[in-house]
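Below is one structure; the comments refer to it alone.
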Amino acid sequence: MKEPLSVDRIIALKQDLKSGSVLLLGPRRTGKSYLIRHQLEADRIFNLLRADTFQQLSARPSLIREGLQPKDRLIVIDEIQKLPSLMDEVHLMIEETPVHFLLTGSSARKLKRSHTSLMAGRARTRQLMPFVSAEVPIENLSRTLSFGMLPPVVLSEDPAETISTYIGDYLREEIQAEALTRKIENFSRFLHRAALSNTEVINFESVGSDAQVPARTVREYFGILTDTLLGVLLEPLRTTGRRKPSSHAKFYFFDIGVVNALLGTLDITDRHPSFGKCFEHLIFQELRAYLAYRKPRSTLNFWRTQQGDEVDFVVDSEVAIEIKGTHLVSERDLKGLKALSEEAPIRRQIVVSRDVYRRTVEGIEIFPFQDFLKDLWADKIL
Numbered sequence: 077m078k079e080p081l082s083v084d085r086i087i088a089l090k091q092d093l094k095s096g097s098v099l100l101l102g103p104r105r106t107g108k109s110y111l112i113r114h115q116l117e118a119d120r121i122f123n124l125l126r127a128d129t130f131q132q133l134s135a136r137p138s139l140i141r142e143g144l145q146p147k148d149r150l151i152v153i154d155e156i157q158k159l160p161s162l163m164d165e166v167h168l169m170i171e172e173t174p175v176h177f178l179l180t181g182s183s184a185r186k187l188k189r190s191h192t193s194l195m196a197g198r199a200r201t202r203q204l205m206p207f208v209s210a211e212v213p214i215e216n217l218s219r220t221l222s223f224g225m226l227p228p229v230v231l232s233e234d235p236a237e238t239i240s241t242y243i244g245d246y247l248r249e250e251i252q253a254e255a256l257t258r259k260i261e262n263f264s265r266f267l268h269r270a271a272l273s274n275t276e277v278i279n280f281e282s283v284g285s286d287a288q289v290p291a292r293t294v295r296e297y298f299g300i301l302t303d304t305l306l307g308v309l310l311e312p313l314r315t316t317g318r319r320k321p322s323s324h325a326k327f328y329f330f331d332i333g334v335v336n337a338l339l340g341t342l343d344i345t346d347r348h349p350s351f352g353k354c355f356e357h358l359i360f361q362e363l364r365a366y367l368a369y370r371k372p373r374s375t376l377n378f379w380r381t382q383q384g385d386e387v388d389f390v391v392d393s394e395v396a397i398e399i400k401g402t403h404l405v406s407e408r409d410l411k412g413l414k415a416l417s418e419e420a421p422i423r424r425q426i427v428v429s430r431d432v433y434r435r436t437v438e439g440i441e442i443f444p445f446q447d448f449l450k451d452l453w454a455d456k457i458l
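Numbered according to my numbering, the sequence shown spans residues 77 to 458.
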């Protein structure tokens, strides 16, 4: 296992900050504070999780501007969502000074309501994800599928305890402290039900019935998960062929370990009923991180028809990727890709599996997952 200081993150934060300011968003414990401390040379850092710093800046937001020094070139404000009013001051300093800012946040909820638009064109928005295979190689697939890729979990000697503690910290710090929902018991039941729906098309009424909350509340709760960066709704690809596509989104938590901790299933072997879903989720995490770091303007969708044809992921409407946890991909595993190719101009068709050998069947490329991930981060897939 690598020590924390030896894990170099792929995100090109230094390069972005050379040309301007950056708003860096990412869930708690993905490594934002580590990047600030160890990989950036900031002139000053204001951490709003510190009670004294928060109190001083909330009482007088202009303190940062008034304290600017001629030599200052990079200023960091950590957890900016704690004090969104600082965005006005940052906006002013970006306009009037040569200083670049790194603003970090673990929730976009408060920022989205009133202040993010102020930064449009003035700061690039970037996302920090959990570790990916190009940063920490996947040497034990079962361990990765069980506990996920959050940095403190990957580096922990007791990953089960670390990921379980993360769930409690999230409920306490993000939900209760931010007063995002008045009934934490209802939200806790919803979280468990949302974990059961991970990687699947979301039916709000069904989730609400199981979680004992109204469907409209379920929509609000999913909104909280996306705004606090704990999950993402993956929209379906809209095709115009003879097969009518689904109009409902799928939901993925940002890390598979969080899902397993919510469900109490922290031992995912290849015989576990959830192995296939966990394997799909792992590839989703890698694809999502790759696009965020390397191709932020690209789109990621899935394709599903009302007749049951489905492809797990489609990038930029032209690269279709199906995930299979099997050791030997068969002809029937190619059905969805073939159906999609009849409906849309797909440039490349890929199956990611646990096959031993890379091969091509009827124009469809079958990748062992290790080869796929290696090629993905070598920019050979997209």
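Beta carbons are placed, not taken as given, at the ideal position from N, Cα and C, and that holds for glycine. All of these numbers come straight from a predicted model, not from anything done at the bench.
Suppose the cutoff is 8 Å on Cβ atoms and the five residues either side in sequence are ignored; what does the same chain contact list for residue i look like?
| i | result |
| --- | --- |
| Pro80 | Low confidence applies here, because Pro80 scores a pLDDT of 49, under 50, leaving its location unreliable; read the following figure in that light. These residues qualify, in order along the chain: Tyr110, Pro227, Leu231. |
| Glu171 | Arg198 |
| Phe443 | Ile426, Val427, Val428, Ser429, Asp431, Arg434, Asp451 |
| Ser374 | Leu367, Val391, Asp392, Leu458 |
| Gln288 | Asn262, Arg265 |
| Leu89 | Val98, Leu100, Leu111, Gln115, Leu116, Leu178, Arg202 |
| Thr436 | Ile442 |
| Ile278 | Phe298, Leu309, His324, Ala325, Lys326, Phe327 |
| Phe130 | Leu124, Lys158, Leu159 |
Is it the case that the Cβ atoms of residue i and residue j are separated by a distance below 7 Å?
| i | j | result |
| --- | --- | --- |
| Leu93 | Arg202 | no |
| Gly317 | Glu386 | no |
| Asp286 | Arg314 | no |
| Phe330 | Gly401 | no |
| Ala236 | Leu338 | no |
| Leu150 | Ala118 | yes |
| Thr275 | Lys353 | yes |
| Leu179 | Ile153 | yes |
| Val405 | Arg424 | no |
| Leu159 | Leu124 | yes |
| Leu305 | Glu362 | no |
| Gln157 | Ser183 | yes |
| Pro421 | Thr381 | no |
| Glu211 | Val83 | yes |
| Gly333 | Val229 | yes |
Grab the span of the beta strand (DSSP E) containing residue i for me, first residue to last.
| i | result |
| --- | --- |
| Tyr328 | 326 to 329 |
| Pro444 | 440 to 444 |
| Leu217 | Counting along the chain, Leu217 falls outside any beta strand (DSSP E), though it belongs to the alpha helix (DSSP H) covering 217 to 223. |
| Asn336 | It is not in any beta strand (DSSP E) - Asn336 instead sits in the alpha helix (DSSP H) that spans 332 to 339. |
| Ile153 | 150 to 154 |
| Arg424 | 424 to 429 |
| Ile121 | 120 to 123 |
| Leu200 | According to the sequence shown, residue 200 is Arg rather than Leu. Start and end: 199 to 203. |
| Gly307 | 307 to 310 |
| Thr304 | Here Thr304 belongs to no beta strand (DSSP E), and DSSP marks it neither H nor E. |
| Gly181 | 176 to 181 |
Hey, out of the options, whose CA is closest to residue i's CA?
| i | options | result |
| --- | --- | --- |
| Gln383 | Ile332, Ser323, Ser273, Phe327 | Ser323 |
| Glu215 | Asn262, Glu250, Gln446 | Gln446 |
| Phe223 | Asp245, His357, Phe122 | His357 |
| Asp234 | Arg219, Leu247, Gly244 | Arg219 |
| Leu309 | Lys326, Arg319, Lys320, Ser161 | Lys326 |
| Ala135 | Gln157, Ile87, Ser161, Asp148 | Ser161 |
| Asp455 | Arg370, Asp388, Glu407 | Arg370 |
| Arg200 | Gly143, Met225, Leu133, Gln91 | Gln91 |
| Asp346 | Leu221, Tyr242, Ile121, Val229 | Leu221 |
| Pro174 | Arg380, Leu187, Lys147, Ser417 | Lys147 |
Note the first and the last residue of the continuous alpha helix (DSSP H) segment covering residue i.
| i | result |
| --- | --- |
| Ser97 | Element bounds for Ser97: not the alpha helix (DSSP H) but the beta strand (DSSP E), 97 to 101. |
| Gln132 | 127 to 135 |
| Asp392 | Neither: Asp392 is in no alpha helix (DSSP H) and is coded neither H nor E. |
| Thr238 | 235 to 246 |
| Lys115 | Rather than Lys, the amino acid found at residue 115 in this sequence is Gln. Element bounds for Gln115: 108 to 115. |
| Asn262 | 260 to 272 |
| Val229 | 227 to 230 |
| Arg318 | First-last for Arg318: undefined, no H or E at that position. |
| Val166 | 162 to 172 |
| His357 | 351 to 370 |
Which residues in the same chain as residue i place their Cβ atom closer than 7 Å to its Cβ, once the five residues preceding and following it in sequence are excluded?
| i | result |
| --- | --- |
| Ser350 | Thr341, Ile344 |
| Ser240 | Ala337 |
| Asn377 | Leu310, Glu311, Pro312, Leu313, Val390 |
| Gly96 | His176, Ala199, Arg200 |
| Leu267 | Leu338 |
| Ile87 | Arg202, Leu204, Tyr369 |
| Met77 | Below a pLDDT of 50, predicted positions are generally treated as unreliable, and Met77, at 46, falls in that range; the measurement from the model is reported next regardless. Hits under 7 Å: Leu231. |
Cutting at 6 Å between CB atoms, please list the residues of its own chain near residue i, excluding the five before and the five after it.
| i | result |
| --- | --- |
| Phe360 | Tyr328 |
| Val166 | Phe177 |
| Val335 | Ala271, Asn274, Phe329 |
| Ile399 | Glu356, Ile359, Asp388, Val428 |
| Lys186 | Gln157, Pro160 |
| Leu247 | none |
Between the region 100 to 109 and the region 199 to 215, do three or more beta carbon pairs fall short of 8 Å? yes
Does the structure place the region 359 to 375 close enough to the region 413 to 425 that three or more beta carbon pairs sit under 8 Å? no
Under 8 Å: do the region 276 to 286 and the region 294 to 306 share three or more Cβ pairs, one atom per stretch? yes
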